[in-house]
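First the structure, in the form of structure tokens, and then the observations on it.
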Amino acid sequence: MPGINQPGPSAGSGTAPMSGVSIMQSKWQVEDAAPEHVPKILALFKEVFGQEMSEAHWDWKYGNGRGAGVIVHEDGDLIAYFGGMERRILFNGTPATAFQCGDSMVARKHRGTLSKKGPFFLSVASFLDRYLGHGRPYLISYGFPNERAMCLAERLGMYTQIGNLFEIYWAAEPSPQFHAVPFDFDDRAHRKALDELWHSMAEQFSGRAIGVRDLEYLSYRYRDHPSHAYLIHLVSDRSAKRVIGIVIARKTENRLILVDFLGRQQEFRDLVRYAKRLASEQDCPEMFGWMTDLDCHLISGTGENREKLPLRLPLGVYREGLDPEEIRDRWFFMCGDSDFM
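According to my numbering, the stretch in the sequence shown is residues 27 to 367, in order.
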């Protein structure tokens, strides 16, 4: 059975035991998630979300030291789980390892307990206390909570908002101005193009926080995903002489998701236009994507329709760590920066 591994040396300076008066006085017990807990965590996932997570999907997320989590239990019954995954990033142009807060779940019969003695607080606070902040494995965290979870975490003093992310919709639209081929991970020319595109993109975001989008990441995140099939296209101009970028998309029943792309900022509009063409080719009338508030101007004029209310981006502040002002409005995010799109 796949399990959870502790962060490796690359994650930071070490780990510290979980602490906190409210945690120790609770009637529930809190501990690090271990391989023997995985069956119960997967059962809780099904109860909470109404769908199954396969062992392969769990291992893709948490195996080989990629993730960590904590459980809350009582008399052998799993009450809550909170965990997430490592992500290599560039922060102000410097390589760092951030932590994406991903899975948060509480058994239905305990969801009404929303105080600082409840299982939601205990799972999140224990995790933040264990893994995030000065002297912990990770200094930078991020996540994509729904509004209810974000408001609750803010009220309990665990999260603060550091940015906005908008849902954007486009109508599919044919276009003859591009040449595109499926990206071949084994083709030397394709790999070289990816390296050059990522190098240019990283330079343009050197004063920001951005997840690494190199060959290793694209292989793991998209090619090797156990549940989703992605369309990964190397896009050039109509003559096929100039590479514009790489577009990653995923088809759902009646919508194409613009998951991610690599390219120079001045090419973002063309990458969106190609993705709209791809939506048309896939018989999807509509395309959907995410873009951080600060970067929406880079895709303006593409027929975009932006939702009025943004998704709010959090930073874990339960323990002393990174000053929120150092990373406020600094992230670049798209759908693929989540683990579920």
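Note that the Cβ used here is the ideal one computed from N, Cα and C, for glycine as well.
Source: prediction; values computed, not measured.
Determine the extent of the alpha helix (DSSP H) in which residue i is found, giving its start and end residues.
i, result
"residue 300", "294-307"
"residue 219", "214-230"
"residue 57", "Counting along the chain, residue 57 falls outside any alpha helix (DSSP H), though it belongs to the beta strand (DSSP E) covering 55-58."
"residue 174", "173-181"
"residue 148", "145-157"
"residue 69", "64-75"
"residue 87", "81-88"
Please report the distance separating the alpha-carbon of residue i from that of residue j.
i, j, result
"residue 348", "residue 267", "44 Å"
"residue 263", "residue 231", "24 Å"
"residue 272", "residue 288", "5 Å"
"residue 182", "residue 147", "7 Å"
"residue 362", "residue 111", "14 Å"
"residue 322", "residue 291", "11 Å"
"residue 157", "residue 329", "42 Å"
"residue 261", "residue 149", "44 Å"
"residue 342", "residue 320", "21 Å"
"residue 213", "residue 219", "10 Å"
"residue 367", "residue 339", "16 Å"
"residue 228", "residue 186", "26 Å"
"residue 87", "residue 217", "24 Å"
"residue 65", "residue 233", "42 Å"
"residue 159", "residue 346", "6 Å"
"residue 184", "residue 125", "15 Å"
"residue 60", "residue 295", "45 Å"
"residue 237", "residue 120", "11 Å"
"residue 265", "residue 204", "8 Å"
"residue 74", "residue 58", "20 Å"
"residue 153", "residue 327", "42 Å"
"residue 108", "residue 282", "30 Å"
"residue 313", "residue 202", "18 Å"
"residue 76", "residue 113", "27 Å"
"residue 188", "residue 350", "7 Å"
"residue 284", "residue 161", "37 Å"
"residue 301", "residue 190", "23 Å"
Can you list, in chain order, the residues of its chain with a C-beta nearer than 6 Å to that of residue i? Leave out the 5 residues immediately preceding and following it.
i, result
"residue 256", "248, 274, 276"
"residue 352", "none"
"residue 117", "235"
"residue 252", "82, 83, 86"
"residue 305", "198, 282, 313"
Nearest to residue i by CA position, among the options, is which residue?
i, options, result
"residue 180", "151, 296, 204, 241", "151"
"residue 206", "158, 187, 190, 303", "303"
"residue 258", "236, 211, 223, 278", "211"
"residue 85", "250, 301, 364", "250"
"residue 298", "331, 280, 338, 160", "331"
"residue 364", "286, 61, 300", "286"
"residue 82", "120, 283, 68", "68"
"residue 223", "115, 209, 270, 178", "270"
"residue 324", "265, 59, 194", "194"
"residue 400", "122, 186, 188, 189", "The structure shown does not extend to residue 400, since the chain is modelled only from 27 through 367, so no value can be given for it."
"residue 62", "350, 305, 95", "95"
"residue 172", "238, 127, 155, 280", "127"
"residue 209", "91, 241, 93", "241"
"residue 243", "92, 282, 75", "92"
"residue 115", "189, 239, 77, 215", "239"
"residue 344", "76, 77, 155, 202", "155"
Quick one: give me the first and last residue of the beta strand (DSSP E) that residue i is part of.
i, result
"residue 288", "281-289"
"residue 101", "Looking at the DSSP string, residue 101 is not in any beta strand (DSSP E), and its letter there is neither H nor E."
"residue 317", "312-318"
"residue 126", "120-132"
"residue 196", "185-197"
"residue 167", "167-169"
"residue 270", "269-277"
Tell me which same chain residues have a C-beta within less than 8 Å of the C-beta of residue i, skipping the five on either side of it?
i, result
"residue 145", "54, 98, 105, 106, 132, 133, 136, 139"
"residue 192", "316, 317, 318, 319, 322, 332, 333, 336, 337"
"residue 12", "Missing from the structure shown is residue 12; the chain here goes from 27 to 367 and no further."
"residue 221", "240, 241"
"residue 279", "none"
Below 7 Å CB to CB, which residues in the same chain sit around residue i once its five sequence neighbours on both sides are set aside?
i, result
"residue 79", "68, 71"
"residue 245", "211"
"residue 293", "270, 271"
"residue 226", "290"
"residue 254", "276"
Could you check whether the stretch 158-168 touches the stretch 348-360, counting it as contact only if at least three pairs of C-beta atoms, one from each stretch, sit closer than 8 Å? yes
Contact between the stretch 296-313 and the stretch 190-205 is defined here as three or more beta-carbon pairs at a separation below 8 Å; is this criterion met? Yes, the stretch 296-313 is in contact with the stretch 190-205.
Can you confirm whether the stretch 95-110 touches the stretch 52-60 when touching is taken to mean that 3 or more C-beta pairs between the two stretches lie within less than 8 Å? Two segments are said to touch when three or more pairs of C-beta atoms, one from each, lie closer than 8 Å; by this definition the stretch 52-60 touches the stretch 95-110.
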